[in-house]
Each structure stands twice: as C-alpha cells, then as structure tokens.
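Count the sequence shown with my numbering and you get residues 50 to 423, in order. Here a beta-carbon is modelled for each residue, glycine too, at the ideal position from N, C-alpha and C. For reference, the structure is listed below as structure tokens.
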Amino acid sequence: MSGVALEFEGLGKRFGDFAAVHPLNLSVAPGELLVLLGPSGCGKTTTLRMTAGLEFPSEGRILFDGKDVTRKPPGERDVAFVFQLYALYPHMTVGENVAFPLRTQGRSAVEASRAASAMLERLGLGMLAGSKPRQLSGADQQRAALARALVRKPRAFLLDEPLNTLDSAQREFLREQIRELHKEMEATTLFVTHDQAEALALGDRIAVMGEGKILQCGPPREVYENPNSLFVANFLGTPGMNFLFASRSGEAVRVQGADWMVRVSDLPDSKAGLGEAWTNKDGLYLGIRPEHVLLTGEGAPCQVEHTEMLGAYSLVDLRAGKVRLKARVPGGRRYREGDTVGVSFHPSGCRWFDAVEGNALPWHTQEVKCTPSR
Numbered sequence: 050m051s052g053v054a055l056e057f058e059g060l061g062k063r064f065g066d067f068a069a070v071h072p073l074n075l076s077v078a079p080g081e082l083l084v085l086l087g088p089s090g091c092g093k094t095t096t097l098r099m100t101a102g103l104e105f106p107s108e109g110r111i112l113f114d115g116k117d118v119t120r121k122p123p124g125e126r127d128v129a130f131v132f133q134l135y136a137l138y139p140h141m142t143v144g145e146n147v148a149f150p151l152r153t154q155g156r157s158a159v160e161a162s163r164a165a166s167a168m169l170e171r172l173g174l175g176m177l178a179g180s181k182p183r184q185l186s187g188a189d190q191q192r193a194a195l196a197r198a199l200v201r202k203p204r205a206f207l208l209d210e211p212l213n214t215l216d217s218a219q220r221e222f223l224r225e226q227i228r229e230l231h232k233e234m235e236a237t238t239l240f241v242t243h244d245q246a247e248a249l250a251l252g253d254r255i256a257v258m259g260e261g262k263i264l265q266c267g268p269p270r271e272v273y274e275n276p277n278s279l280f281v282a283n284f285l286g287t288p289g290m291n292f293l294f295a296s297r298s299g300e301a302v303r304v305q306g307a308d309w310m311v312r313v314s315d316l317p318d319s320k321a322g323l324g325e326a327w328t329n330k331d332g333l334y335l336g337i338r339p340e341h342v343l344l345t346g347e348g349a350p351c352q353v354e355h356t357e358m359l360g361a362y363s364l365v366d367l368r369a370g371k372v373r374l375k376a377r378v379p380g381g382r383r384y385r386e387g388d389t390v391g392v393s394f395h396p397s398g399c400r401w402f403d404a405v406e407g408n409a410l411p412w413h414t415q416e417v418k419c420t421p422s423r
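Set out below in structure tokens:
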C-alpha cells in the first residue's frame, strides 16, 4: 500500500488567545518522510495531533489524497501514532501489545502473533515478547510502542519524539530501522523532534518550526547550508552557526569588537536594492559555521580559550577582542589554551543576515580575507 498525500491548508490551532499553530500551508508527498523540527512549545506536536485527529484545528483544512478529513475521528484516517510516552497496555505481554492492532483489524490470532514476532525480532525485542511492559526498561518500552505502530502498515506514520528516551547507540540503531521500514512500506511519515542531528539523518525534508510557524522547509542539506534566517541558522547545527556583527567600511566589512576587516570581492550594488543593510546603522551579521572557520598561520589573530575533543573532530573556542567563535577541526590537530592562531573563513560557507529582521540576504561571497583593521 502506498502512502497518503497530506495537505494542510491554512491549518491553525488556538487555545483561547494563544496561537499554538499559526495558519500554515504544507504538502507532504505520498511516501515522503517529513521531519517537523523545532524547540519545545513551537507547535510541532500540536500539528501532529491535528493530523491524527486527536485535536481539531481552529481553522483551515487537512486533506488526505485530496479528501477533507479535518473533522474525521482518528479511526477513519488509517494512521499510526507513536507517542513520546509509551502508552502500552500494562496487562498484556509485549507480543500481545504489538499484535493488538492487527487483531482489531480482524486478523487471526496466529497471523497477528506471527507478524508481531517478526516485527519484534527486527527491532531487537524478540526475547522480550513474553514480558509485561513493567518488566522492560523505558527504552525497550519505546521500542515496543514503535513495533506496535509499524506492524499495522498504515498509510501514514505520525511519530512524536519516539527516540527521546533512548541512549545514543539505541537511537542510531532505531534511526536506521525506521529509515529501512519507511522505504519498505512506502508510508507517508511525519516525524516530530527537537534533535537536529536526528532530523538531518532521517528526513527527506525538514520543516523548521518556531513560535507556531514553519520558518523554512526543504531537503536537509539545503536547509543546513542555506538557512533563511538567524533562527534557523542557529538552531540547525551542533553547535549552531557563528554570528559576527558587522558594518560596511569602504570596500570591506568591519567586524565589530574584534578589530577585523573582512574583505569581500563582490559587495552588493546599493542601486540594485541589495546594499541597504550595509549602510543601515543597525548593521548585519556574517554567519559562518564552525567547519568553515579555518585555522591557519595567516589571517586575523585569535586566542584559543578551550578545546573540546569529540572523537573524529574537536571544537575549538576562540576569542579576539570581544568576539567569540567556534571552529570545528580534525580530531588529530592539537590546540592548547592560550595559543594564538590565524583565522580565516571558507568563502562558500559565509552567509549574510539582516541584523534587524534576522532574514538571510541573497549575497554570495567569492573571497574573504580576515586581517587586522588599520
């Protein structure tokens, strides 16, 4: 069975005077895995619950394959919902919990048990099929809840932070299993998380949410490399993007607080309407991800404040005057506290943002040289 095409048309939800979800428009293709990513309270779980029929929207419509299901109950939508908390039946064994949705569909006890056992084996829970939920760890209970949702093979999966209680090894294992099962079953999937690494690893597309709005939606690489706002640039990435407050100074950009001049080869033409932020007293931000901060023998001098070893790479905390930034470097390179290093930026990684509105500016940097100002 192929997945369902989902459409949200002006979908919004209010609780009294509070807008949990501002009217949003979004289409999800059949069989697509879309991740709703954002901080707590941004409206992503409320959006998921409206899709499932557990909350009715205050405005707008939800369409499944072009049919309006906005007011239909959950049982008429053919979706499976995995909650952040396990919601297993305590009086049933794990195997019985996983088989239960198949029994409600009219499948025989033998057929339901066989399918449940196969799914539990796939998720590494085969040995626990006869256990009660209270005998399982929290992580295993969550895996059992996932198995119960997946065994139904519905047309849409709705997953609300399903890996939140797992340790790193289990999260990695289940991410791989979810991707494989998603491809195999071709079900449309909405996956809610606050974990940006999870979103980048799983999503065909990522919809970044903030304050009840979808701020940017696109393929993971596109959203990561070309964020459309300061919020998205900072939220997506571990750590987030470095932001250097700057203003125009002749044919270059002065970084405030660091006594740096960033020389850019293609300054925008103010006559074309792109140069206003350069002369605006409120200035702009130069955004640069840690992996695009280059530590060389040349460039602007910075002092090493701290190095955090993270296996294959290290994060180096740097300071120059009042400016602080992070660089991501190969783990084999050693920097000691107090070392002075030269800093430059990879031009392909430079992004410019308006300091007032926080919006990305459509400028491309061909060459950057960080040098002390004169």
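Exposure label - residue i; buried when at least 16 CB within 10 Å
i      : result
Lys116 : exposed
Trp327 : Residue confidence is low: Trp327 scores 49 on pLDDT, short of 50, so the model does not pin down where it sits. Its coordinate-derived value is still stated next. So Trp327 ends up on the buried side.
Lys330 : Unreliable placement is indicated for Lys330, whose pLDDT of 46 sits below 50; the coordinate value is still reported in the next sentence. Exposed: under 16 other Cβ atoms inside 10 Å.
Gly387 : exposed
Gln154 : exposed
Lys62  : buried
Leu60  : buried
Leu264 : buried
Glu416 : exposed
Thr94  : buried
Gln184 : exposed
Phe284 : buried
Val405 : exposed
Extent of the continuous alpha helix (DSSP H) to which residue i belongs
i      : result
Ala158 : 158–171
Asn146 : 143–153
Pro88  : No alpha helix (DSSP H) holds Pro88; DSSP gives it neither H nor E.
Ala248 : 245–251
Ala282 : 279–284
Residue i - DSSP class collapsed to helix/strand/coil
i      : result
Ser397 : helix
Asp189 : helix
Pro350 : strand
Ala409 : strand
Glu58  : strand
Glu416 : coil
Gly124 : helix
His231 : helix
His355 : strand
Glu386 : coil
Glu81  : coil
Arg446 : Nothing can be reported for residue 446, as the shown portion of the chain is limited to 50 through 423.
Tyr334 : strand
Gly370 : coil
His341 : helix
Ser107 : coil
Pro72  : strand
Val118 : coil
Tyr273 : helix
Gly391 : strand
Ala136 : coil
Distance between beta carbons of residue j and residue i, contact taken as under 8 angstroms
i      : j      : result
Lys202 : Leu73  : Actually they do not touch by this definition, with Cβ atoms about 28 angstroms apart.
Val311 : Leu335 : 7 angstroms
Ala457 : Phe206 : The chain is shown from 50 up to 423; residue 457 falls before or after that span and cannot be answered.
Arg377 : Glu340 : 4 angstroms
Leu137 : His231 : About 22 angstroms; that fails the 8 angstroms criterion.
Arg204 : Ala236 : 6 angstroms
Ala167 : Asp114 : Going by Cβ atoms, the distance from Ala167 to Asp114 rounds to 29 angstroms, so no, they are not a contact pair.
Where the beta strand (DSSP E) containing residue i begins and where it ends
i      : result
Ser298 : 291–298
Gln265 : 262–267
Gly65  : Gly65 -> no beta strand (DSSP E), and no H or E assigned at all.
Phe240 : 237–242
Val302 : 301–304
Ala426 : Since the first and last residues shown for the chain are 50 and 423, residue 426 lies out of range.
Any non-hydrogen atom of the ligand ZN closer than 7 angstroms to residue i Cβ
i      : result
Pro339 : The ligand ZN is not part of the structure shown, which contains no ligands of any sort.
- Task: Kindly confirm or deny that the region 80–92 and the region 101–115 touch, where touching means at least three C-beta pairs closer than 8 angstroms.
- Result: no
- Message: Across the region 249–269 and the region 377–394, are there enough close Cβ pairs to call them in contact, namely three or more that are closer than 8 angstroms?
- Response: no
- Counting Cβ pairs, one atom from each stretch, are 3 or more of them under 8 angstroms apart for the region 118–129 and the region 270–280? no
- Is the region 344–352 touching the region 386–405 in the sense that three or more CB pairs, one from each, lie closer than 8 angstroms? yes
- Message: When you compare the region 208–218 with the region 162–175, are there three or more beta-carbon pairs, one atom per stretch, that lie closer than 8 angstroms?
- Response: no
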